[in-house]
Structures are given as C-alpha cells and as structure tokens.
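Engineer: Encoded as structure tokens, here's the structure I'll be asking about.
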Amino acid sequence: MTIDTCNFKGQKVIVRVDFNVPLDENGNITDDTRIRGALPTLKKVLAGGGALIIMSHMGRPKKNPDPKFSLKQIVAHVSELLGAPVQFCDDCMKAQAQVAAMKDGDVLLLENLRFYEEETGKPRGEFATDDEKAAAKKVVKEKQKEFTKTLASYADIYINDAFGTAHRKHASTAIIADYFDTDHKMFGYLMEKEVAAVNKVMNDIKRPFTAIMGGSKVSSKIEIIENLLSKVDNLILTGGMTYTFMKAHGGKIGTSICEDDFLDLALDIEKKAKEKGVNLVLAEDAKCGDAFKNDCNVQYCPSNDIPEGWEGMDIGPKAMESFAKVIKESKTILWNGPAGVFEMDNFMAGSKAVAEAICEATANGAFSLIGGGDSVACINKFGMADKVSYVSTGGGALLEAIEGKTLPGIAAIKGEA
Ligand code: AMP
2 MTIDTCNFKG QKVIVRVDFN VPLDENGNIT DDTRIRGALP TLKKVLAGGG ALIIMSHMGR
62 PKKNPDPKFS LKQIVAHVSE LLGAPVQFCD DCMKAQAQVA AMKDGDVLLL ENLRFYEEET
122 GKPRGEFATD DEKAAAKKVV KEKQKEFTKT LASYADIYIN DAFGTAHRKH ASTAIIADYF
182 DTDHKMFGYL MEKEVAAVNK VMNDIKRPFT AIMGGSKVSS KIEIIENLLS KVDNLILTGG
242 MTYTFMKAHG GKIGTSICED DFLDLALDIE KKAKEKGVNL VLAEDAKCGD AFKNDCNVQY
302 CPSNDIPEGW EGMDIGPKAM ESFAKVIKES KTILWNGPAG VFEMDNFMAG SKAVAEAICE
362 ATANGAFSLI GGGDSVACIN KFGMADKVSY VSTGGGALLE AIEGKTLPGI AAIKGEA
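Take the position in the sequence shown, starting the count at 1, then add 1; the result is the number in our numbering.
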C-alpha cells in the first residue's frame, strides 16, 4: 500500500515522524525543518478523513518524565504549521481513552517515546558488569514487546515518515510494523523521497556516477568508500583525508591532519580502485594555513609538498578545476563531506566549487544527492539546496544506506524484516 492509494476515511492512523528539533534554553524551536518535512504526510492523512496520531522521539532523555525533552513544548508550533488543533497525551503508554474519543480529522501528539527505555530497547543507567548489562537488556527487550503492542493498538494504519531514525530497529521505527499487514503500513512522503533518492545512487544508476567523499577522516568513511568502489565510475576523495593518501606515498604534508594507522588502508583503497576500473581523484594542490584559524597566513602548495608548520585546510585551484571537470561530466552524483574547513570563510572556496559544479551538472540533467551531516550544512551555507536534486534529511541513516546496509525502518515496511 502507498500513502497515495490508501483510503484513510474513518481510520486511526499512527505516524512515526522525526520531530527531534533543536530547542533553545527556553524551549523555543530554533529550526523547524524536521516538522515541516513531515507536513505533507500529516496533511494527506487529515485530507483523506483519517484521525491522526503522531509519535516521535526528542533527544536522549534519561528519565520518565524528563521535561527538558517533552514534546509538549512543540505542540503549539505543530498545530500552527498543520493548521489544525493538536491534542497532547503526556504519556505515550496511556493514550487509550484519548484515542478512543478521537473523531476523523482529530490530531493527537504522543509524549516523547524515549521517555520509555522500551522504545530503543537499551537499558538506562550504569552497570557494574557486562553480565548485569546483558540481563538488564533482556528485561527491557521483553518489556519492549508490550510497549510496541500498546502503540500498535492505537491505530488501524501505521505510517513511517522518520527517515532520520530508519537505521534504528526501535519499537516505533521498525518493530511496530509487524502488527500491521502490508495493506495497513506504508512510507510517508518524506520517507518515500529518501528511499527513491537512495535507490537512484545505489541501484538505478545513470553513468558516469561520481561520488565525492570529503570530511576529516578516512577511518570514519571506510565502509562507504569500499561499498562505493563497486558502484562508481569516479571517486573524488577530498577534505582532510587527502593527506593520509599523500603521506602513504611518502609526501610531505606539514601539520595537515593525517591518520597514520590508515596509511596501508589508503594504498589498499587505491589498489582496489585500480582493479575495479574506478577513477580515483585526489586534490593535486592545497590551500594551506600556518594556524588552524580563519585569519592565518595562507599559501598554495602541492598536496604532497607542504612545508613544516603549514596545514592543508582546503583544496587549491588546480584541484577545484579537475574536480569540477569530473563532476560536470557526471549523470549521477553523490556528495558527502566538505572539501575543506568550510566553516572558515577563507577555506570554503573548495567546497563551494564542488557545490557549484554539482549544481551545473544537475541543471544539465544529472541526479545529485547531498547527504550526511556537513555537506548538507555546506550546501545550505552556499544557498544552493534548491539547485541539487535532493538533500537528504537523514545523516546516519543515509550513510548506512550508502554503506549498503539494509535499514530496519525500510525493511519493516517492505515486509523484509
Ligand atoms: P566529517 O565529520 O568527517 O564529515 O568531517 C567534517 C569536517 O571535516 C568539517 O568540520 C571540516 O571542517 C573538516 N575538514 C574538511 N577538510 C579538512 C582539512 N583539510 N583539515 C581539517 N579538517 C577538515
């Protein structure tokens, strides 16, 4: 079943959203992007004549209740954006009476699911031994069944629209789906878009396919890089990880960041790329600074010949040109991680050049997916989010999908769990 074909009239519909929005010290929402992201799905249920039960987590509460993480703080804003009154249930396990009283078009927001450790299935607190922890986990897992069953009992239909938590096998993101047959569970619109975008870079690939992986460390991206090596035509490795590759070949990298334990791995990645016919592209030159701050002295150097006391903090003009050429000739593009220390204005030009090339390729018909933390911050900083095909809302979830892992939240809806 899909959200577009489902008849919601007279049905109680429980929707898992990601309302884990940042709040200031007074409980005011500082960025409501995640709430806005779920609106099309929520409005669709209401327009279709359903009664809407919304559930989400917020933060990492340590107790029940934990007022700092109460979803009560966002009720008024959700109501305003949705254009409908929103009732609140201050205990997600005690909504039976409120749910029973709901009529078509009513909206009920449940209190933070993570007030209960059953949501994640992970016991809270400190444990003296591993055995104690394992025993506590067993107890929580057992209680999780009842917790999930109670959530499921509220509704006729389950919708998952929380891509940000799709990589977690939690009660509300995956396990609950077992209580609904395939005609009564589905993705929300946001989730549908994310799944379609991932599919375009993992399965339905138009070539050439170029992945740009940046950021600080190669170690945190190994699994993604290895998975991408069997998919892409071009792999641009940039950002801080450049210097691990340069040093692995005996290059001089000054004080640039480098993971000495991963020099062999860098060589291995290069070898595998060659075997698989992947064009591995590294930055030829670097914009270097004599201190890790915006207003330091700068000079351009070959990436493998950086003087002592200088640090590669962005790619240089030659690299910008060669990266842009590869990107502009691509038909599928995936970007994760900046090309330099983009937070500092003097070292953001490389990331901007990458973003501009991606926008140009997109205008020429390429599919471009930007995702995973800092590249999203980058594309937003440059005001170019509307010039790429898709900006993912899910950091960890997107990265696990690119690593080739099955996401429990997606598998559960598809009935593959
Ligand atoms: P990651 O979380 O691994 O994706 O890394 C993102 C961070 O990498 C950003 O905060 C960037 O400032 C940083 N970064 C990118 N290029 C460099 C570089 N050449 N040296 C140090 N940090 C970098």
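Even for Gly, the Cβ is constructed at its ideal location relative to N, Cα and C. These figures come from a predicted structure and were not determined experimentally.
(1) How would you label Pro409, buried or exposed, when you count the other beta carbons within 10 angstroms and need 16 or more for buried?
(2) Just reading off the alpha helix (DSSP H) that Ile414 is part of, what are its end residues?
(3) Looking at Lys10: is its Cβ nearer than 8 Å to the Cβ of Gly38?
(4) So within the stretch 124-183, which uninterrupted beta strand (DSSP E) runs reach at least 3 residues, ignoring any that extend past its ends?
(5) For the ligand AMP, is there a heavy atom less than 7 Å away from the beta-carbon of Gly11?
(6) Could you tell me which of Asn113, Asp291, Lys275 and Ala136 sits nearest to Pro66, measuring between CA atoms?
(7) How many angstroms separate the CA atom of Gly373 from the CA atom of Leu400?
(8) Taking the alpha carbon of Gly395 as the reference point, which residue from Ala101, Ile177, Phe20 and Tyr301 has its own alpha carbon closest?
(9) Can you tell me where the alpha helix (DSSP H) with Glu120 in it begins and where it stops?
(10) Using a Cβ-Cβ cutoff of less than 7 Å, which residues in the same chain neighbour Lys319 once the five nearest sequence positions on both sides are dropped?
(11) At a cut-off of 7 Å, is Val377 close to the ligand AMP when judged by its beta-carbon and the heavy atoms of the ligand?
(12) Taking the straight line between their C-alpha atoms, what separation do you get for Ala249 and Lys73?
(13) Can you give me the C-alpha to C-alpha distance between Gln99 and Phe89, rounded to a whole angstrom?
(14) Judging by CA-CA distance, which residue of Ser217, Ile237 and Val233 is the nearest neighbour of Cys259?
(15) Enumerated in chain order, which unbroken segments of the alpha helix (DSSP H) with a length of 4 residues or greater are wholly contained in the stretch 304-334?
(16) Identify which residue in Lys69, Lys329 and Lys13 has its Cα closest to the Cα of Pro23.
(17) Taking 8 Å as the threshold, find out whether the stretch 302-322 comes into contact with the stretch 175-185 through three or more Cβ pairs.
(18) Does the distance between the C-beta of Pro66 and the nearest non-hydrogen atom of the ligand AMP fall short of 7 Å?
(19) Buried or exposed, going by whether 16 or more other CB atoms sit within 10 Å of the CB of Ala77?
(20) Going by DSSP, what residues sit across from Tyr391 in a beta bridge?
(21) Helix, strand or coil, according to DSSP, for Val199 in the structure here?
(22) Counting only runs of 3+ residues fully inside the stretch 252-288, write out the beta strand (DSSP E) ranges in chain order.
(23) May I have the straight-line CA-CA distance separating Ser154 from Thr174, to the nearest angstrom?
(24) Please classify Val140 as buried or exposed, where buried requires at least 16 neighbouring CB atoms within 10 angstroms.
(25) When DSSP builds the beta bridges, which residues end up paired with Ala52?
(26) Just to confirm, is the Cβ distance from Leu111 to Leu83 under 8 Å?
Structural biologist: Straight from the coordinates:
(1) On the sequence shown, residue 409 is found 408 positions in, with the first residue counted as 1. Burial call: buried.
(2) In the sequence shown, counting from the first residue as 1, residue 414 sits at position 413. Residues Pro409 to Lys415.
(3) By 1-based counting over the sequence shown, the position of residue 10 is 9. By 1-based counting over the sequence shown, the position of residue 38 is 37. The answer is no: Cβ separation not under 8 Å.
(4) 158-161
(5) On the sequence shown, position 10 is the one that residue 11 refers to. Not under cutoff, so the answer is no.
(6) Counted from its first residue, the sequence shown places residue 66 at position 65. Here the closest residue by C-alpha is Asn113.
(7) Position 372 of the sequence shown holds residue 373. Position 399 of the sequence shown holds residue 400. Rounded to whole angstroms, Gly373 to Leu400 spans 6 Å at the Cα level.
(8) As a working mapping, residue 395 is identified with position 394 in the sequence shown. Checking every option, the nearest Cα to that of Gly395 belongs to Phe20.
(9) Here the question's residue 120 lines up with position 119 in the sequence shown. First-last for Glu120: undefined, no H or E at that position.
(10) Mapped onto the sequence shown, residue 319 falls at position 318. The residues are Glu285 and Asp286.
(11) Locating residue 377 in the sequence shown gives position 376, where the first residue counts as 1. For the ligand AMP, not one heavy atom lies less than 7 Å from the Cβ of Val377.
(12) On the sequence shown, residue 249 is found 248 positions in, with the first residue counted as 1. On the sequence shown, residue 73 is found 72 positions in, with the first residue counted as 1. Rounded to the nearest angstrom, the two C-alpha atoms are 53 Å apart.
(13) Stepping through the sequence shown from its first residue, residue 99 is reached at position 98. Stepping through the sequence shown from its first residue, residue 89 is reached at position 88. Their Cα atoms are separated by approximately 9 Å.
(14) As a position in the sequence shown, residue 259 is number 258, starting the count at 1. Per the Cα distances, Ser217.
(15) Qualifying alpha helix (DSSP H) stretches, in chain order: 318-329.
(16) For the purposes of this step, residue 23 is taken as residue 22 along the sequence shown, with counting starting at 1. Measuring C-alpha to C-alpha distances from Pro23 to each of Lys69, Lys329 and Lys13 identifies Lys69 as the nearest.
(17) no
(18) Locating residue 66 in the sequence shown gives position 65, where the first residue counts as 1. No, the beta carbon of Pro66 sits no closer than 7 Å to any heavy atom of the ligand AMP.
(19) For the purposes of this step, residue 77 is identified with residue 76 of the sequence shown, where counting begins at 1. By the neighbour-count rule (16 or more Cβ atoms within 10 Å), Ala77 is not buried but exposed.
(20) Within the sequence shown, the letter at position 390 stands for residue 391. Paired residue(s): Leu370.
(21) Mapped onto the sequence shown, residue 199 falls at position 198. Correct three-state label for Val199: helix.
(22) 280-282
(23) Along the sequence shown, read from residue 1 onward, the residue named residue 154 stands at position 153. Along the sequence shown, read from residue 1 onward, the residue named residue 174 stands at position 173. Going from the Cα of Ser154 to the Cα of Thr174 covers about 15 Å.
(24) Stepping through the sequence shown from its first residue, residue 140 is reached at position 139. Exposed.
(25) If you number the sequence shown from 1, residue 52 lands on position 51. Bridge partners of Ala52: Lys13.
(26) Here residue 111 refers to the residue found at position 110 when the sequence shown is read from its first residue. Here residue 83 refers to the residue found at position 82 when the sequence shown is read from its first residue. Not a contact, by the Cβ cut-off of 8 Å.
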